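Peer 1: Quick note on numbering: the sequence shown equals residues 208 to 513 in our numbering.
Yeah, the Cβ is synthetic: ideal placement off N, Cα and C, and Gly gets one too.
On a predicted model such as this, the values are computed, not experimentally measured, just so you know.
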Amino acid sequence: MKTHLIQAARAALQWRLLVLWCGVTLLPSLVLALPVWQYLNVLSHSVLAPELATSLNHPALADLIHGFREQGGGVRNGALLSAVLALLLSPLLCGSVITAARSHQVLGFRALWSGGLAEYPRLLRTLIWAIVPVGLALGAAQGLHALAESHGEKAVLASSAENAALLATIAGIVLLAFANLTLDAGRAALAIDKRRNSAVKAWWRGLKLLARYPGTVLGLYLALSLGGLLLAALLGIARVNAPTGQVIGFIGGLLLTQAIVLVLAWMRSARLFALIALAQADNARHGGGVAKAAKVKAPAIESIDA
208 MKTHLIQAAR
218 AALQWRLLVL
228 WCGVTLLPSL
238 VLALPVWQYL
248 NVLSHSVLAP
258 ELATSLNHPA
268 LADLIHGFRE
278 QGGGVRNGAL
288 LSAVLALLLS
298 PLLCGSVITA
308 ARSHQVLGFR
318 ALWSGGLAEY
328 PRLLRTLIWA
338 IVPVGLALGA
348 AQGLHALAES
358 HGEKAVLASS
368 AENAALLATI
378 AGIVLLAFAN
388 LTLDAGRAAL
398 AIDKRRNSAV
408 KAWWRGLKLL
418 ARYPGTVLGL
428 YLALSLGGLL
438 LAALLGIARV
448 NAPTGQVIGF
458 IGGLLLTQAI
468 VLVLAWMRSA
478 RLFALIALAQ
488 ADNARHGGGV
498 AKAAKVKAPA
508 IESIDA
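#1: Mapping DSSP to helix, strand and coil, what is T210?
#2: Can you tell me whether Q349 is buried or exposed, with buried defined as 16 or more other CB within 10 angstroms of its CB?
#3: Given a threshold of 16 other Cβ atoms within 10 Å of its Cβ, counted over all protein chains shown, does L294 qualify as buried or as exposed?
#4: With a threshold of 6 Å on Cβ separation, who are the neighbours of A368 within its own chain once the five nearest residues in sequence on each side are excluded?
#5: Do the segment 338 to 347 and the segment 413 to 427 meet, that is, are 3 or more Cβ pairs less than 8 Å apart?
#6: Is it the case that the Cβ atoms of A409 and A486 are separated by a distance below 7 Å?
#7: State the DSSP-derived secondary structure class of G315, mapped to helix, strand or coil.
#8: Going by Cα to Cα distance, which pick from L239, T333, Q214 is closest to L288?
#9: Is W222 buried or exposed, if buried means 16 or more other CB atoms sit within 10 Å of its CB?
#10: Can you give me the C-alpha to C-alpha distance between K502 and V381, rounded to a whole angstrom?
#11: Could you work out which residue in P242, R419, I305, S310 is closest to N490 when comparing CA atoms only?
#12: Pick helix, strand or coil for P450, following the three-state DSSP scheme.
#13: Mind checking whether L438 and V470 have CB atoms under 7 Å apart?
#14: Expressed to the nearest angstrom, what Euclidean distance is found between the alpha-carbon atoms of K220 and L364?
#15: If distances are taken between C-alpha atoms only, which option among L429, L225, G459, T423 comes closest to V313?
#16: Quick check: A481 and L436, are their CB atoms within less than 7 Å of each other?
#17: Mark I305 as exposed unless 16 or more other C-beta atoms lie within 10 angstroms of its C-beta, in which case mark it buried.
#18: Note down the Cα distance separating S297 from R478, rounded to an integer number of angstroms.
#19: Excluding the five sequence neighbours on either side, which residues of its own chain have a C-beta within less than 8 Å of the C-beta of Q465, listed in chain order?
#20: Identify which residue in I377, T333, G342 has its Cα closest to the Cα of H352.
#21: Check this for me: beta carbons of C301 and R402, under 7 Å apart or not?
#22: On the premise that R446 lies in contact with L463, defined as a C-beta separation below 8 Å, what is that separation, rounded to the nearest angstrom?
#23: Under the assumption that L234 contacts S303 (Cβ atoms under 8 Å), give the Cβ distance between them as a whole number of angstroms.
#24: Do R329 and N404 have their C-beta atoms closer together than 7 Å?
#25: DSSP state of S405, grouped into three classes?
#26: How far does the alpha helix (DSSP H) with S289 in it extend, from its first residue to its last?
#27: Rounded to whole angstroms, what's the CA-CA distance from W244 to L461? Just pull it up for me.
#28: In angstroms with no decimal places, state the Cα-to-Cα distance between L388 and S366.
#29: How many Å lie between I483 and I458 at the Cα?
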């Protein structure tokens, strides 16, 4: 699986694809940042503005929190609009990844953009269907938290209650990650068959792929996710500790932030590349016809033996 992992990681390192992700995700980020910037602008009227530009002290944080409770409607509305916009743009980005996976050569911005638009309707249906598996995962996570709270009320030791709450949180995260994995497997099923329009049937086909090769699917998905998240976390730590209050610090912080976005875009793309390649190889073994009708480059999987 090591070779498969390296091939998937390399296949996702297409700079035009990553820059497209970075540019598209910049729009919802700006929608969120503008009201936050306007809200934080109240600190510029303080006599301590130069010091606050470098670091926030406890009184300033207390004032910001108090003001947010009273006048934070714009920030909350901006956050909601940003989340909705990010969701609506996600099928476009996934479609660009699928387009790149289908091509036998590195594509330009125009081809990636047009491919994303062409795949948008099918992937939008997948996004709508995501309400079901994600909702089930959230419901199960809520049930686990309720059990943990019930256990905590009866527990003698505080550590026992804390451990139960921690286990419930970890289980909830695992359930949500698994739901996302099944959705990506469904997107891979859509990618290898242009004639397939049903998001539900594609999701079911993705579940079959997971059932056939659980070790390969889970191993690739977990390794790519952990690698991307670890690198993003390291960049995040560097961003938090970057110097502030100077032009160099501002530029460095901005570059680190964009680097985090690029790493997450690579992680997302690499996972889809791996699943698309595995789905294509599986279809060639069991289906045959679809693989010929919609042949997909298989950079990540040469053999589907777990």
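Peer 2: Let me lay it out:
#1: helix
#2: exposed
#3: exposed
#4: Beyond the five residues adjoining it in sequence on each side, A368 comes within less than 6 Å, by CB distance, of G359, A362 in the same chain, given in chain order.
#5: Result no; under three Cβ-Cβ pairs closer than 8 Å.
#6: no
#7: DSSP places G315 in coil when its eight states are reduced to three.
#8: Closest by C-alpha distance to L288, out of L239, T333, Q214, is L239.
#9: exposed
#10: Bear in mind that the predicted position of K502 carries a pLDDT of just 46, short of 50, making it unreliable; the figure below should be weighed with that in mind. Approximately 33 Å, taken between the alpha carbons.
#11: R419
#12: Secondary structure at P450: coil, using DSSP grouped into helix, strand and coil.
#13: The Cβ atoms of L438 and V470 sit closer than 7 Å to each other.
#14: Strictly speaking, residue 220 in this sequence is Leu, with Lys absent from that position. Answer to the nearest angstrom: the Cα atoms are 50 Å apart.
#15: L225
#16: No; because the gap between Cβ atoms is not below 7 Å, this pair is not in contact.
#17: buried
#18: 15 Å
#19: C229
#20: I377
#21: no
#22: L463 to R446, Cβ: 4 Å. Contact.
#23: Wrong, their Cβ atoms sit about 15 Å apart, outside the cutoff.
#24: yes
#25: coil
#26: 280 to 309
#27: 15 Å
#28: The straight-line gap from Cα to Cα measures roughly 33 Å.
#29: 37 Å
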